[in-house]
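Residue 1 is where the sequence shown starts when you use the working numbering, and the numbers rise one by one after that.
Glycine included, C-beta positions come from ideal geometry on N, C-alpha and C.
Here is the structure we will look at, set down as C-alpha cells.
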Amino acid sequence: MFRENFLQKKDMPECLPFCAWRYNQEKVRIEDVVAPPYDIVSEEEIKKFKNKSPYNIFHLEIPENYNKAKETLKNWIKSQILIKDQIPGIYFYELKFLYQEKTYIRKGFILLVKLSPFEECNILPHERTYSKVIDDRFELLKITKFQFSQIFALYEDPFLETLKSINRNKELLYEINFQKETHRLYKISEKKLIKELLMFFKNKTFYIADGHHRYETALRFKKYMENIYGKNSNKDYNYTAMYICPMEDKNLLIFPTYRAYYLEKPEELLKRFFEFAELKKDLEINKNLDLNHFFEKTSQEWAVFFENKIRIFGLKEEIFENIKKEDPLFSEIPLYNFLQIFEKILNIKEENLKNAEKVKFIADRETLIEEVKKGALGIAFPSISPMILKKVAQAKKLMPHKCTYFYPKILTGIILNEVSGKDLNYNIL
C-alpha cells in the first residue's frame, strides 16, 4: 500500500511516534480515571468524575489551581500512577459505539504532529476560538508541561489505506467500557509499519475537527519555550499529540449542533421568524426523534424547540438567495444562515449574548430539552459533512463557534504527552 522507501531528511519529520505517559493499570481502574473532554461536561458532572477516583484526569485537566495540578502530577509520577512507555510507537484508537441501532467502529491514530502556523496551510482550522479559553489552557500547559488530551484532526485517505494496514502487530493496551462505548487503545511498535504510516502522512494536510483552542495553545506554548531554549527543531515542544482519522470513513459521525438562547419574550422572537422562514414541520418534542430525517434542504433549515413543540423552519427562497450571493461557500452551513437572520436582520449578536451568558452551546438533545423546559429557546442545526469542513478550511475561512459536533468524543486521559523541552529521539526511523 505504501512506498517502501522512507526518505531521510535533515529536518525533523512532520509526524513522529512517541513514548506516551499512561495510567498504570496495576494501580488504578482505567474506567475510573478517564473522562470526556472537559468542555462538554457540566460543573456537576466534573465533580462526579473527580469524586469517582482521586486519580481521575480531571484533577489535572480542571484543577483547583495550576500549581495544584503540577504538584498532583508530580506525585502521580512518583507513585507510578502514571508510567511512561519506553519504546516509541504510534497509538491506534478504536472506538465502538451504537447509534440509531447501528454499530459503528471509528478508527484513528495518536501520534506527534509538527506544529505549523495556520498560514503555512499544513494544519487548517475551521472554527473561531476565544482568547479567554486559550489563556486558561496556556497557563495550565506552561506550569505542568503536559498535554492531557489530544487534538482531533482529519486527513484525506479516499481508499482508507491507513486503516487497512493495521491488521498486524498491534498490542492491545486498554479496553475501556465507558458510557455505552467501547474504547480500545493499541500500540504499534513495528518499525516497518511506522515508517509506512509516516510516509503516508508526509506532506498531508490535517484539518482540525475538535481542539482548536488546544492547537492555538500549543502554538503559543512553542513560542514561550523558544524564548527559553531557542529555536531547536529537536525539542518536544515543536510537536503536539493528535488523534487523526480519515475524513472519508463512514464511521466518522458529525451530529447536529444545538444552542439554547435565554431571551426576554422568546415567543415574540419566534413570531418574527415567519418574516424570513417558512414553517415546514410542526412536531411534538421527542428526545429520540431523528431530526436529520425531517431536514430536507439542510443548509436552509433549522429546528426551533419551544414549550412542547419542535418547529422546523426553512429560509424563504429570496432570503437564502441573498445570503448565497454574499457568501456561496458559507451558505452551505445551516448555522451560518441562521446567524445571518439572527445578527443582521434581528440585530442580535451571538457574541454579545455569550458575554451576557444568554446563550449556551449544548452537546446533546436531552440537555437542550431540559433547558427548553426552563424557558429557553432551543435551536437545532443539521449536521454538516467533513467535505464542507474541508472546503471552508481550504478557503481559509472560519465557521461560527461550536458549528460541528463530532461523535463520539475521544477520552481525556487515555494518553498523556510531555512537552518539557526534552530532545526527541527519532533515530528509530
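The ligand NAP heavy atom lying under 8 Å from the CB of residue i
i	result
Glu-248	Questions concerning the ligand NAP fall outside what the structure shown contains, since it holds no ligand whatsoever.
Check whether residue i and residue j have beta carbons under 9 Å apart
i	j	result
Phe-97	Glu-181	yes
Ala-277	Phe-313	yes
Gly-413	Ala-69	no
Lys-114	Asn-122	yes
Leu-111	Ala-241	yes
Glu-61	Phe-178	no
Ile-143	Ala-218	no
Arg-91	Ile-188	The question names Arg, yet the displayed sequence has Tyr at residue 91. For Tyr-91 and Ile-188, yes; Cβs fall inside 9 Å.
Pro-266	Leu-377	yes
Glu-284	Ile-319	no
Leu-253	Tyr-104	yes
Lys-235	Glu-14	no
Ile-341	Leu-315	yes
Lys-84	Ala-153	no
Met-247	Tyr-215	no
Arg-137	Leu-82	no
Val-419	Phe-146	yes
Pro-37	Lys-409	yes
Tyr-237	Gly-89	no
Asn-169	Glu-190	yes
Lys-396	Leu-73	no
Arg-106	Glu-120	no
Tyr-261	Lys-374	no
Val-392	His-126	yes
Asp-32	Lys-52	yes
Ala-363	Leu-291	no
Tyr-66	Lys-27	no
Leu-263	Ile-348	yes
Among the options, the one whose alpha carbon lies nearest that of residue i
i	options	result
Tyr-243	Leu-140, Asn-417, Gln-100	Asn-417
Ser-383	Lys-142, Cys-15, Ser-42, Tyr-407	Tyr-407
Lys-139	Leu-163, Met-225, Asn-203, Ser-165	Residue 139 is actually Glu in this sequence, not Lys. If we check each option's Cα against that of Glu-139, Met-225 comes out closest.
Lys-390	Glu-357, Ile-379, Leu-329, Glu-371	Leu-329
Lys-40	Phe-221, Ser-420, Glu-351, Thr-404	It is Ile, not Lys, that sits at residue 40 in the sequence shown. For Ile-40, the nearest C-alpha among the options comes from Thr-404.
Arg-128	Asp-327, Gly-211, Glu-14	Gly-211
Leu-279	Trp-302, Tyr-262, Tyr-261, Val-392	Trp-302
Pro-158	Tyr-215, Lys-192, Lys-250, Leu-95	Lys-250
Gly-108	Glu-216, Ser-42, Cys-245	Cys-245
Ile-57	Val-419, Asp-423, Ile-415, Leu-424	Ile-415
Tyr-239	Asp-423, Lys-47, Glu-119	Asp-423
Tyr-130	Glu-351, Leu-160, Glu-26	Glu-351
Lys-436	Asn-322, Val-359, Lys-358	Outside the shown range of the chain, which is 1 to 429, sits residue 436, and nothing can be said about it.
Ala-42	Lys-223, Lys-360, Glu-156	Reading off the sequence shown, one finds Ser at residue 42, where the question assumed Ala. Of Lys-223, Lys-360, Glu-156, the residue nearest in Cα terms is Lys-360.
Phe-118	Gly-230, Arg-220, Phe-381, Asn-51	Arg-220
Glu-275	Leu-263, Lys-231, Glu-264, Leu-346	Leu-346
Ser-385	Glu-371, Ile-348, His-59, Glu-332	Glu-332
Asn-425	Ser-233, Glu-44, Asp-282	Ser-233
Phe-295	Asn-286, Lys-281, Asn-308	Lys-281
Leu-141	Lys-223, Asn-308, Glu-45	Lys-223
Lys-430	His-293, Lys-102, Glu-45, Glu-156	Since the displayed the chain opens at 1 and closes at 429, residue 430 lies outside it and no answer follows.
According to DSSP, residues forming a beta bridge with residue i
i	result
Glu-318	Beta-bridge pairing links Glu-318 to no other residue.
Trp-76	Partner(s): none; Trp-76 has no beta bridge.
Arg-22	Ile-83
Met-387	Its beta-bridge partners do not exist; DSSP assigns none.
Gly-413	Gly-413 is not bridged to any residue.
Arg-259	Phe-361, Ile-379
Thr-404	Thr-404 pairs with nothing; no bridge assigned.
Phe-306	Lys-309
Asp-157	DSSP, once it has assigned bridges, lists no residue as partnering Asp-157.
Ile-90	Ile-188
His-293	Partner(s): none; His-293 has no beta bridge.
Ile-254	Phe-406
His-399	The residue asked about is misnamed: residue 399 is Met in this sequence, not His. In the DSSP output, where bridge partners are listed per residue, Met-399 has Glu-127.
Ile-176	His-183
Leu-424	In the DSSP output, where bridge partners are listed per residue, Leu-424 has none listed.
CB contact below 9 Å: residue i versus chain C
i	result
Phe-305	Among the chains in the structure shown there is no chain C, since it carries only a single protein chain.
#### Entry: Segment contact flag, the segment 168 to 184 with the segment 250 to 258, C-beta cutoff 8 Å, min 3 pairs
Judged by Cβ distances under 8 Å, the segment 168 to 184 makes no contact with the segment 250 to 258, as fewer than three pairs qualify.
### Task
Report yes or no: do the segment 66 to 85 and the segment 191 to 198 share at least 3 C-beta pairs separated by less than 8 Å?
In this structure the segment 66 to 85 does not touch the segment 191 to 198; the number of beta carbon pairs closer than 8 Å is below three.
### Query
On the three-pair Cβ rule with 8 Å, is the segment 181 to 190 touching the segment 264 to 278?
Too few Cβ pairs lie closer than 8 Å, so no.
### Task
Let me know the beta strand (DSSP E) ranges lying completely inside the segment 93 to 152, each 3 residues or longer, listed in chain order.
You should have 102 to 114.
### Message
Any contact between the segment 390 to 407 and the segment 328 to 343? By contact I mean 3 or more CB pairs, one from each, below 8 Å.
### Response
The segment 390 to 407 is in contact with the segment 328 to 343.
### Task
At 3 residues or longer, and completely inside the segment 29 to 73: list those beta strand (DSSP E) runs for me, N to C.
Listed in chain order, there is nothing to give.
### Query
Along the chain, which unbroken stretches of the beta strand (DSSP E) at least 3 residues long are found entirely within the segment 331 to 393?
When DSSP assignments are scanned along the segment 331 to 393, the uninterrupted stretches of beta strand (DSSP E) that are 3 or more residues long and fall wholly within it turn out to be 359 to 362, 377 to 381.
### Task
Could you pull out every unbroken beta strand (DSSP E) segment of at least 3 residues lying fully inside the segment 193 to 243, listed in chain order?
Listed in chain order, the complete beta strand (DSSP E) runs (minimum 3 residues) inside the segment 193 to 243 are 206 to 210.
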